[in-house]
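Chemist: The structure under discussion is supplied below as C-alpha cells; questions concerning it will follow.
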Amino acid sequence: MSYEPPTPPAELPTDLVNTLNESSSEQLQYVARYAEELAEHKAREARLEEDSDESEIEERPDDLPDDVPAKATITIKEINDNRYYYWQWREGEKVRSQYKGPVSPDE
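Per the UniProt record's numbering, the sequence shown starts with residue 1, numbered consecutively.
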C-alpha cells in the first residue's frame, strides 16, 4: 500500500472530495458502507423500473388510450340507471377515471 493519498476520480464533484478529505478514517468507513449499499439500492431500483416499463409495454391493451396508464382496470359505473365502462387507476392517493363507453344491454 502506498504512503501517498489516493487520487480521487475525476467524476466526483470537488466539494464531495473536499468533504471526504476532511473526514476521519472511521467516518470514511461509514461512508464507504453507505455508498456501497446506496449504489446497490439504486441499481436495483433502476432494474425494477426497467422491468416495469417493459411489462407495461407488453401488457398494454389495444383499446387503452395513450393518456391512460397500462395498470388501469375497467370498472362499471351506474349513472341514472345507465351503465358505463371507465378506465380506472391510482395516482398516489387519488383514484383517476376516464370514460371508455357504454355497457351493452346484453352484458
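Even glycine gets a Cβ: it sits at the ideal position worked out from N, Cα and C.
From a predicted model like this one, the values you see are computed outputs, not experimental measurements.
How should A10 be labelled, buried or exposed, when 16 other C-beta atoms within 10 angstroms of its C-beta is the threshold for buried?
Modeler: It counts as exposed.
Chemist: Terminal residues of the continuous beta strand (DSSP E) containing V95?
Modeler: Taken as a continuous stretch (DSSP letters only), the beta strand (DSSP E) holding V95 covers 94-102.
Chemist: Who pairs with Y84 in a beta bridge, going by DSSP?
Modeler: K77, P102.
Chemist: Determine, using beta carbons only, whether V103 and W89 come nearer to each other than 8 Å.
Modeler: Cβ atoms of V103 and W89: not closer than 8 Å.
Chemist: CB of S104 to nearest heavy atom of the ligand ATP: below 7 Å?
Modeler: Inclusion of the ligand ATP in the displayed structure is not the case, the ligand content being empty and no account of it being possible.
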